[in-house]
Amino acid sequence: MASRDLDIIVYGATGFTGRLVAEYFAHHYKGRKDAPKWAMAGRSLAKLADVRDLIGADEETPLILADASDPASLDAMAASTKVVLTTVGPYQLYGSELVAACVRAGTAYADLCGEPGWMREMIDAHEAAAKASGARITFSCGFDSIPFDLGVAFLQAEAVKRHGKPAPRVKGRVRKMAGGASGGTIASLTETLKAIAKKPSLALLLKSSFALTPGFEGPSQPTGLIPEYDSATGTWTAPFVMAPINTKNVHRTNLLLGHPWGEDLIYDEMVMTTIGEAGKAMAEAIAKANPFDPSIKPGEGPSKEERENGFYDVLFIGEYPDGTTVRASVQGDRDPGYGSTSKMLAETGMALLENKGKGGVWTPGALLGDALVERLTANAGLTFQIEE
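Using our numbering, the first residue of the sequence shown is number 4, and each one after it goes up by one.
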């Protein structure tokens, strides 16, 4: 590790989200003592140079030629750095060779993946080799699933502090949100649906909240697919489009940590609407609506103003059988799909630089935990708080 020239490489820096990650490093860490040695990577040196100028990065920022279809270029990239951050998705199309390269090189890896079928394939294929090489492979390091993964851990720490044991039932409730899904997220969902059409058994795996916990199957979980009244919030709730990936990651974190929240944990996520008939009508409309705008293509995204005006507020409620509850929340100060996600991925990279954990296929919550919470709070505009 010590002989590697670079700390962090942003792979996919010419794409919309990759550019935001590169811009974050160029400005947030400029002139700081803890600034990493970072580089931009992609398929075209000319385009990388254009982006470097566009974002105002130092003209000496290294540019690296790497292509998902050229495994040798990925091996060279992985061997030259301590951490690779990739925004090149859909990962089931463009991510497998890079994961393999990082596993071979013992290099830390973080992405924005919300594709649980592919993630399970990577766990099955690389877990043992990653443990052997020391590579720390961390999926889902953006809005899916960091606020939820870390939010549940934050809530459960308070639950144990107050009551001596974790809450067996946890609800994630999206209270407010402004800003939609990214073009990359839409493309990932499209590819997942194509994969299910080719391999119907994948649908059964994706339905399970325990798709990412090989060898462990917990209790039956709420589907979250039907609007319902939630007495804990006093509002109607609707299906949340990110729940199918977030819930799987929360259960994987619990598994990787040795089930500190219990093997009987029940967890779901929904969107809060409002009270009464209006809330019910809103929840039913959300359930029927297509949450994705097919006109948004990968590499496209909202304006700077739209990103800065975006935000999210997620409530977590831990419930005990006797009716006792514990509440916590996670807020972000930018739109979830781009502005906040790019900062979360960048700070995951910084946390991986400091982390001395063992190799394996991880979640950010299980590997980085409180250290990542501290970084996100200090640098990335996230707020974690206990609510009375």
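Every residue gets a Cβ at the ideal spot worked out from N, C-alpha and C, and that includes glycine.
Looking at C-beta atoms only, is the number of pairs between the stretch 149-159 and the stretch 241-257 that lie closer than 8 Å three or more? yes
Taking a contact to mean a Cβ-Cβ separation below 8 Å, would you say A42 touches L9 in this structure? Here the question's residue 42 lines up with position 39 in the sequence shown. Here the question's residue 9 lines up with position 6 in the sequence shown. Going by C-beta atoms, A42 is nearer than 8 Å to L9.
Buried or exposed: E357, going by 16 or more other Cβ atoms within 10 Å of its Cβ? For the purposes of this step, residue 357 is taken as the residue at position 354 of the sequence shown. Exposed.
My guess is that P225 and D267 are in contact by the Cβ rule of under 8 Å, so how many angstroms apart are they, rounded? Position 222 of the sequence shown holds residue 225. Position 264 of the sequence shown holds residue 267. Their Cβ separation, rounded to whole angstroms, is 14 Å, which puts P225 and D267 out of contact at 8 Å.
To which residues of the same chain is G321 closer than 6 Å at the C-beta, ignoring the five residues directly before and after it? Counted from its first residue, the sequence shown places residue 321 at position 318. Within the same chain, G321 has close Cβ partners L158, A162, A170, V173, V329.
C-beta contact flag for T393 and T256 at 8 Å: As shown, the chain starts at 4 and ends at 391. That puts residue 393 outside it, with no answer to give.
What do you reckon, are the CB atoms on A81 and C116 nearer than 8 Å? What you label residue 81 is simply residue 78 of the sequence shown in a count that begins at 1. What you label residue 116 is simply residue 113 of the sequence shown in a count that begins at 1. Contact flag unset, no.
Got a sec? Which residues, its chain only, sit under 8 Å from K33 by beta carbon, not counting five neighbours each side? Residue 33 sits at position 30 when you count from the first residue of the sequence shown. Taken in chain order, the residues that qualify are D61.
Which word fits S306, buried or exposed, when buried means at least 16 other C-beta atoms lie within 10 angstroms of its C-beta? Translated into the one-based positions of the sequence shown, residue 306 becomes position 303. Burial call: exposed.
In the DSSP output, which residue or residues are listed as bridge partners for R176? Within the sequence shown, residue 176 is the residue found at index 173, counting from 1. According to DSSP, which records beta bridges pairwise, R176 is partnered with M273, L318.
Note down, in chain order, each residue of its chain lying with its Cβ closer than 8 Å to the Cβ of A5, except the 5 sequence neighbours on either side. Working through the sequence shown from its first residue, we reach residue 5 at position 2. Its pLDDT being 41, under 50, A5 is placed unreliably by the model, and the measurement read from it follows with that caveat. So no residue of the chain qualifies.
Once DSSP output is grouped into helix, strand and coil, what is the label at D336? Taking the sequence shown and counting its residues from 1, one reaches residue 336 at position 333. Coil, per DSSP.
Can you give me the Cβ contacts of S212 inside the same chain, cut-off strictly under 7 Å, excluding the 5 residues immediately before and after it? As a working note, residue 212 is residue 209 in the sequence shown. Cβ within range, chain order: Q224, T250, K251, H254.
Would D53 be called buried (16 or more neighbouring beta carbons within 10 Å of its own) or exposed? Counting from one through the sequence shown, the residue named residue 53 turns up at place 50. When all chains shown are included, D53 counts as exposed.
Once the 5 residues before and after A156 are set aside, which same chain residues still bring their CB inside 6 Å of it? Residue 156 sits at position 153 when you count from the first residue of the sequence shown. Cβ within range, chain order: G368.
Hey, which unbroken runs of the alpha helix (DSSP H) at 4 residues or more fall wholly within the stretch 17-104? 19-31, 48-57, 74-82, 94-97
Report yes or no: do three or more beta-carbon pairs, one from the stretch 230-244 and one from the stretch 129-144, lie closer than 8 Å? no
Drop a sphere of 10 angstroms on the beta-carbon of L318, count the other beta-carbons inside from all chains shown, and report buried for 16 or more, exposed for fewer. As a position in the sequence shown, residue 318 is number 315, starting the count at 1. The residue is buried, with at least 16 neighbouring Cβ atoms inside 10 Å.
Identify every residue that forms a DSSP beta bridge with W121. As a working note, residue 121 is residue 118 in the sequence shown. Answer is none; W121 lacks a bridge partner.
Taking T277 as the reference, which of G326, K179, S191, Y315 has the closest Cα? For this step, residue 277 is matched to residue 274 along the sequence shown. Comparing Cα positions, the closest option is K179.
Rounding to the nearest angstrom, what Cα-Cα distance links A381 and G120 in this structure? Working through the sequence shown from its first residue, we reach residue 381 at position 378. Working through the sequence shown from its first residue, we reach residue 120 at position 117. If you take the alpha carbons of A381 and G120, they lie about 33 Å apart.
Range covered by the alpha helix (DSSP H) that runs through R7: Counting from 1 along the sequence shown, the entry for residue 7 is found at position 4. Segment: none, R7 is in no alpha helix (DSSP H) and carries neither H nor E.
Ends of the beta strand (DSSP E) at V364? Within the sequence shown, the letter at position 361 stands for residue 364. It spans 363-365 - the beta strand (DSSP E) in which V364 sits, taken as one unbroken run.
Can you tell which of Y341, D316, T351, F387 has its C-alpha closest to the C-alpha of R22? Numbered from its first residue, the sequence shown carries residue 22 at position 19. Nearest of Y341, D316, T351, F387 to R22, Cα basis: Y341.
Through-space distance from H30 to P93, alpha-carbon basis: By one-based count along the sequence shown, residue 93 stands at place 90. By one-based count along the sequence shown, residue 30 stands at place 27. Approximately 28 Å between the Cα atoms of the pair.
What is the DSSP secondary structure of V253, reduced to helix, strand or coil? The residue given as residue 253 occupies position 250 in the sequence shown. Note: V253 maps to helix in three-state DSSP.
Take A190 as the anchor and find which of P263, A181, K283, V91 has the nearest alpha-carbon. Position 187 of the sequence shown, counted from the start, is the residue given in the question as residue 190. If we check each option's Cα against that of A190, V91 comes out closest.
Is Q388 helix, strand or coil when you go by DSSP? Position 385 of the sequence shown holds residue 388. Strand.
C-alpha gap between V13 and S332, whole angstroms: For the purposes of this step, residue 13 is taken as residue 10 along the sequence shown, with counting starting at 1. For the purposes of this step, residue 332 is taken as residue 329 along the sequence shown, with counting starting at 1. Using only the alpha carbons, I get a separation of about 30 Å.
Please report the distance separating the alpha-carbon of Y323 from that of T193. Residue numbering aside, residue 323 sits at position 320 when the sequence shown is read from its first letter. Residue numbering aside, residue 193 sits at position 190 when the sequence shown is read from its first letter. C-alpha separation (whole angstroms): 38 Å.
Whole angstroms are fine: how far does the CA of G59 sit from the CA of F219? Locating residue 219 in the sequence shown gives position 216, counting from the first residue. Locating residue 59 in the sequence shown gives position 56, counting from the first residue. Cα-Cα distance, rounded: 48 Å.
How would you label P222, buried or exposed, when you count the other beta carbons within 10 angstroms and need 16 or more for buried? Within the sequence shown, numbered from 1, the residue matching residue 222 stands at position 219. It is exposed - the Cβ of P222 has fewer than 16 other Cβ atoms within 10 Å.
Which residues share a DSSP beta bridge with V13? Indexing the sequence shown from 1 puts residue 13 at position 10. Answer is M43, L88.
Give a yes or no on whether the C-beta atoms belonging to A214 and R337 are separated by under 8 Å. Residue numbering aside, residue 214 sits at position 211 when the sequence shown is read from its first letter. Residue numbering aside, residue 337 sits at position 334 when the sequence shown is read from its first letter. Against a cut-off of 8 Å, the Cβ pair of R337 and A214 comes out as no contact.
Around the C-beta of L385, are 16 or more other C-beta atoms found within 10 angstroms, so that it is buried, or is it exposed? Position 382 of the sequence shown holds residue 385. The residue is buried, with at least 16 neighbouring Cβ atoms inside 10 Å.
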